[in-house]
Amino acid sequence: MHRILSKIPASRFTPHIEQLVTRSQCGFIPGRNIMENFLYAQQLLHFANKENIQLGVLKADLHKAFDTLNWSFIRKVLAAIGLPPQFIIGSQIVFFMAGRE
Numbered sequence: 001m002h003r004i005l006s007k008i009p010a011s012r013f014t015p016h017i018e019q020l021v022t023r024s025q026c027g028f029i030p031g032r033n034i035m036e037n038f039l040y041a042q043q044l045l046h047f048a049n050k051e052n053i054q055l056g057v058l059k060a061d062l063h064k065a066f067d068t069l070n071w072s073f074i075r076k077v078l079a080a081i082g083l084p085p086q087f088i089i090g091s092q093i094v095f096f097m098a099g100r101e
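When we follow UniProt numbering, the leftmost residue of the sequence shown carries the number 1, and every step to the right adds one.
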């Protein structure tokens, strides 16, 4: 059921996605691919090696990132961009249901 409900908010956000999401966010955005960021990282490492620049790399495993969302902050941001309270509450319910699977 949450898959059907989640398509409604997604369809409403799609026309505005370019203004809401930075270019570096590639996952789950139509026309973008998560592999883009891997290619950027590879290019950065190649450049640093070529220019003899010391560079540290950190890979963060966000496997349980969904569990650490700050819903209070998310609600405030969604309200600040003008979304109605019913939409915000509905979105939170859909995300909660998705996280339970």
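Note that beta-carbon positions come from the ideal geometry of N, C-alpha and C, so glycine has one too.
With a cut-off of 8 Å on the beta carbons, I'd call residue i and residue j a contact; round off their distance for me.
{"i": "isoleucine 93", "j": "alanine 79", "result": "Not a contact, Cβ separation roughly 16 Å."}
{"i": "asparagine 37", "j": "serine 24", "result": "7 Å"}
Can you list, in chain order, the residues of its chain with a C-beta nearer than 7 Å to that of residue i? Leave out the 5 residues immediately preceding and following it.
{"i": "tryptophan 71", "result": "Gln92"}
Hey, residue i and residue j: beta-carbon distance below 9 Å or not?
{"i": "leucine 39", "j": "leucine 55", "result": "no"}
{"i": "phenylalanine 47", "j": "leucine 69", "result": "no"}
Can you find the residues in the same chain that come closer than 8 Å, C-beta to C-beta, to residue i, ignoring five residues on each side of it along the sequence?
{"i": "proline 85", "result": "Ala79"}
{"i": "arginine 75", "result": "Ile88 and Gln92"}
{"i": "valine 57", "result": "Ala41 and Leu45"}
{"i": "glutamine 19", "result": "none"}
{"i": "valine 21", "result": "Ile29"}
{"i": "isoleucine 81", "result": "Leu20"}
Leaving out the 5 sequence neighbours to the left and right, which residues in its chain are closer than 6 Å to residue i when beta-carbon positions are compared?
{"i": "asparagine 49", "result": "none"}
Does at least one heavy atom of the ligand FMN sit under 8 Å from the Cβ of residue i?
{"i": "proline 15", "result": "This structure lacks the ligand FMN, and indeed carries no ligand of any kind."}
Q: List in chain order: all unbroken alpha helix (DSSP H) runs of 4+ residues lying wholly within the region 32–96.
A: 35–50 and 71–80
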